[in-house]
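Here is the structure we will look at, set down as structure tokens.
In the numbering used here, the protein residues as written are 4 to 535.
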């Protein structure tokens, strides 16, 4: 069976190339100017390090400004920066693309320190919040998940878990597929089974591997071309790395009732019908198998319940019937042909864990980040301790002023207008810290137009709450956005709101946060507001 890797094929080859290029671990250390060499995953972290380190540090960010840390994969130059670094700072909490984390852990010199800032910031007063995903779905929302740390297999944050399809029993002539829809609408196939020309019900799978880190979750799209019963056999392998052996876990068979009443098969095979809420095909590292985790209330990870695959049937109702998009989806069939679709809830590769990783949208959390950075730079460069203490103290004062500016600026928005509608779930810390209400978000999925119900719900929210503006991240604004379309149809402004990345208009963290506060005030305040 041939397996095509979906999420990561470059890191292993890049690491090998860097090793062959003579970039050795012993070469790490200060550069010719004597500056401490620091690598960060994101531009936001790079800016914080520069504010603390000044001329004593030379900082390179792996993810360039304007790029998405959820999806960016490192280049050869990035690997070289890692191989020469004295200190590496990541956000993690599963924020960054796993390829970046693997690149850090595989290529960082042995004497260098690697710090996941968000994971230690709580000790410095950072406030973390669970990542709760509540979509009020009328169909099941089906993703993929890895449950457990894999510690008994020797796994760490750089380890990979593969989830793959080994075979399928499908309605005659049908196709079943799972895929990611990237930020600009292109599909990245996890696996496909069947084909319109096949008459046998038993099929092999192609493009059949999805890779995830431990304790991660990935949003997925699922498509089925004909009504009937689909049985997909799924296996999993954990690859801990570092010379440790791979381990194959027990496979399971996912049963899906598409366009038909699931009650008959549920009664005949004594299965539980899963027809709403949040469910994940799950690699369970504690039990050593592939199973299903489901939450009928969509209340988040804490309320997920394990259901053995041989005791579950997923329902994909007739109401999910739509048409195959015109571009890039021929692995499903011809454009315009019917397909039963469970759409990806959040566009793009969006691996995440149980804690919301976007802590920096609360300035008090950024202050905790700065303290972590200060102490780590002092540890790596004791001779610069006085500089790091002095600069961090000054910058912490600037951040205190920024926090005040954020609060005072957003306070100018009348309370009844402080409703935030975006294309992402990344702004909960911003809302919690500064008194905003996350009224909702609509994932910008160019491959699937919002349903009539989606449009009506959003239009009703915009009308009922008298929302004057919705917000798009600037790096997403160049793509086609259903949120923009619906807003324009409703006569609502579309305004910028920075999320994960800086750009030339907001080149620093302080610039970014001030721009967000200003955009919120300018777009949500009444035009004739004179409140100071």
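Glycine included, every Cβ here is placed at the ideal spot set by N, Cα and C. Bear in mind the structure is a predicted one, so any value in this text is a computation, not a measurement.
Step through the CB atoms of chain B and report whether any lies within less than 8 Å of the CB of residue i.
i	result
residue 373	Looking at the structure shown, chain B is missing, and only one protein chain is on hand.
Which same chain residues end up closer than 6 Å to residue i when comparing Cβ atoms and leaving out the 5 residues on each side of it in sequence?
i	result
residue 157	243, 247
residue 258	234, 316
residue 474	425, 498, 500
residue 145	225, 282, 345
residue 263	230
What is the DSSP secondary structure of residue i, counted as helix, strand or coil?
i	result
residue 63	strand
residue 104	helix
residue 346	coil
residue 521	helix
residue 291	coil
residue 163	strand
residue 485	helix
residue 42	strand
residue 271	helix
residue 499	strand
residue 526	helix
residue 170	strand
residue 364	helix
residue 426	coil
residue 133	strand
residue 256	strand
residue 394	helix
residue 322	helix
residue 359	coil
residue 434	helix
residue 310	strand
residue 285	strand
residue 341	strand
residue 12	Summary for residue 12: the model assigns pLDDT 33, below 50, so the residue's position carries little reliability, and this model does not support an answer.
residue 405	helix
residue 465	helix
Between residue i and the rest of its own chain, which residues show a CB-CB distance below 7 Å, the 5 nearest in sequence each way excluded?
i	result
residue 383	39, 89, 90, 116
residue 527	416, 420, 421, 471, 472
residue 59	38, 39, 384, 387, 390
residue 173	179, 196, 197, 204, 206, 233
residue 523	413, 416
residue 47	363, 505, 512
residue 495	465, 470, 471, 472, 473
residue 292	252, 253, 255
Please state whether the Cβ-Cβ distance between residue i and residue j is less than 8 Å.
i	j	result
residue 167	residue 237	yes
residue 285	residue 311	no
residue 409	residue 516	yes
residue 441	residue 431	yes
residue 151	residue 196	no
residue 324	residue 180	no
residue 169	residue 224	no
residue 287	residue 220	no
residue 56	residue 190	no
residue 359	residue 133	yes
residue 439	residue 461	no
residue 124	residue 371	yes
residue 208	residue 171	yes
residue 3	residue 277	The requested residue 3 does not occur in the structure, where the chain is confined to residues 4 to 535.
residue 519	residue 69	no
Would you kindly work out how many angstroms separate the C-alpha atoms of residue i and residue j, rounded to a whole number?
i	j	result
residue 121	residue 365	12 Å
residue 427	residue 361	11 Å
residue 252	residue 289	10 Å
residue 525	residue 345	37 Å
residue 434	residue 521	15 Å
residue 245	residue 164	14 Å
residue 374	residue 506	25 Å
residue 194	residue 254	16 Å
residue 77	residue 106	7 Å
residue 86	residue 75	19 Å
residue 272	residue 175	21 Å
residue 92	residue 406	23 Å
residue 368	residue 126	11 Å
residue 61	residue 53	8 Å
residue 261	residue 333	20 Å
residue 393	residue 279	55 Å
residue 487	residue 130	32 Å
Ordered along the chain, which non-local residues of its own chain (more than five positions away) have a Cβ less than 8 Å from that of residue i?
i	result
residue 72	44, 45, 66, 94, 98, 99, 100, 103, 503, 504
residue 340	228, 326, 327
residue 379	90, 92, 116, 118
Worksheet item: Hey, which unbroken runs of the beta strand (DSSP E) at 3 residues or more fall wholly within the segment 181-254?
Response: 190-197, 213-215, 220-222, 224-227, 231-242
Worksheet item: Counting only runs that start and end within the segment 62-94, where is the beta strand (DSSP E) found for 3 or more residues in a row?
Response: 90-93
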